[in-house]
């Protein structure tokens, strides 16, 4: 028998000796022979192809490890970018919320300023409207009216252009500052045109304003803001008293279609002042020659005849007078 030393983790310890195990010599020789045989025959069993496969497997394993490491690095990079983008997105979201709040605040302030300006404009123009009723006041204004008339035309045009379709179908708010503002502007223009020197100024130096008034009357739908329409029609009528003013207004190709449209407005005062403007147009021979074909149109006559049966006495009288003028025009021989 021989004593063989084994590692204490890989053998069974003897009861009396923790470092050695007793093995028979014959068993040891047999074990040695088997180990030598394994060493001799193992290369024959593990051929080159298998070894090559193992090497490839080892190489692939190393490659996979490298790829995994690369993917891990890419994942970390993408995660880093994602974190950065999320941070940027959160910052942008906060900025947008802040901007939205600032926009809302600015909108509120802008509305307050607009209300203030409308109130101030309404008060100032109402004062001008009242003062312009005096002829001597208009005379004193003559040298400074040009800039006022330009602003008035722009303001009236902006007011009418800003009306959406829904608002155009509603009755105007007589108490709104904005409405009082434009009414006072139109009323002031009407009073200026009611004075001889004012008419002359408008006829010679305010063509843009006159064109704007006719354009706005064309844009406004029937039955909408009749008070504003009446004031603008009165202004045009006052200007038409001046020969230069009448020739300029009648030279606008849209004048007669505009009058036809306004005669169908539905509001009796608008129809009344449209008839008065038409009567003024027919007082000048040169204008009659220029507009004779339009004035003889049967549709125009039919509309005026229909207004002669109006329940409003003043409108009925104006329509009858206009119809008499149109009939008299028919009796005048037409030149070729």
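Residue numbers (my numbering): 7 to 342.
We put the beta carbon where it would ideally sit given N, CA and C, even for glycine.
- Message: Tell me which residues share the same chain as residue 271 and place their Cβ nearer than 8 Å to its Cβ, disregarding the 5 neighbours each side in the sequence.
- Response: Working through the chain shown from its first residue, we reach residue 271 at position 265. Cβ neighbours of residue 271 beyond the five flanking positions: 228, 229, 232, 235, 277 and 280.
- Message: Here's a check: name, in chain order, each residue in its chain whose Cβ is nearer than 8 Å to the Cβ of residue 213, leaving out the five neighbours to either side.
- Response: The sequence position of residue 213 within the chain shown is 207, counting from 1. Only 254 meet the Cβ criterion.
- Within the chosen definition, does the stretch 142-150 reach the stretch 211-226 through at least 3 CB pairs nearer than 8 Å? Taking a cut-off of 8 Å for Cβ pairs, the stretch 142-150 and the stretch 211-226 do not touch, as fewer than three such pairs fall below it.
- Message: As a quick exercise: from 155, 223, 90 and 274, pick the residue whose alpha carbon is nearest that of residue 312.
- Response: As a working note, residue 312 is residue 306 in the chain shown. Among 155, 223, 90 and 274, the Cα nearest to that of residue 312 belongs to 274.
- Query: Thinking just about the alpha-carbon of each residue, which of 204, 257 and 199 is nearest to the one in residue 239?
  - Reply: In the chain shown, the residue the question calls residue 239 occupies position 233. Among 204, 257 and 199, the Cα nearest to that of residue 239 belongs to 199.
- Spatial neighbours of residue 268 in its chain, beta-carbon cut-off 6 Å, leaving aside the 5 residues before and after: By one-based count along the chain shown, residue 268 stands at place 262. Excluding sequence neighbours, residue 268 sits near 276 and 280.
- Message: Can you tell me whether residue 47 is buried or exposed? The criterion is at least 16 other CB atoms within 10 Å of its CB, across all chains shown.
- Response: Position 41 of the chain shown, counted from the start, is the residue given in the question as residue 47. By the neighbour-count definition (other C-beta atoms within 10 Å, threshold 16), residue 47 is an exposed residue.
- Apart from the five residues on each side of it in sequence, which residues of its chain come closer than 7 Å, Cβ to Cβ, to residue 336? Taking the first residue of the chain shown as 1, we reach residue 336 at position 330. Around residue 336, the same chain offers 302 as residues with beta carbons nearer than 7 Å, after the five sequence neighbours per side are excluded.
- Message: Measuring alpha carbon to alpha carbon, tell me which residue in 93, 249 and 242 is nearest residue 265.
- Response: Translated into positions along the chain shown, residue 265 becomes position 259. Considering only alpha carbons, the answer is 242.
- Query: For residue 188, which residues of its own chain have a beta-carbon under 8 Å away from its beta-carbon, when the five flanking residues on both sides are left out?
  - Reply: Locating residue 188 in the chain shown gives position 182, counting from the first residue. Exclusion of the five residues before and after residue 188 leaves 161, 162, 165 and 234 as the residues of its chain whose Cβ lies within less than 8 Å of its Cβ.
- Message: Between residue 191 and residue 158, how many whole angstroms is the CB-CB distance? I'm expecting something under 8 Å.
- Response: Position 185 of the chain shown, counted from the first residue, corresponds to residue 191. Position 152 of the chain shown, counted from the first residue, corresponds to residue 158. Contact flag correct, Cβ pair sits at about 5 Å.
- Query: Roughly how many whole angstroms lie between the Cα atoms of residue 31 and residue 78?
  - Reply: Numbered from its first residue, the chain shown carries residue 31 at position 25. Numbered from its first residue, the chain shown carries residue 78 at position 72. Take the alpha-carbon of residue 31 and the one of residue 78: they are about 57 Å apart.
- Task: Pull up the CB-CB distance for residue 183 and residue 113, whole angstroms please, since I reckon it's below 8 Å.
- Result: Translated into positions along the chain shown, residue 183 becomes position 177. Translated into positions along the chain shown, residue 113 becomes position 107. Cβ atoms of residue 183 and residue 113 stay farther apart than 8 Å, at about 18 Å.
- Query: Are residue 224 and residue 257 closer than 8 Å when you measure CB to CB?
  - Reply: Numbered from 1 along the chain shown, position 218 holds the residue referred to as residue 224. Numbered from 1 along the chain shown, position 251 holds the residue referred to as residue 257. In this structure, residue 257 does not lie closer than 8 Å to residue 224 by Cβ.
- Message: In this structure, how does DSSP classify residue 287 when only helix, strand and coil are distinguished?
- Response: Your numbering for residue 287 matches position 281 in the chain shown. Here residue 287 sits in helix by DSSP.
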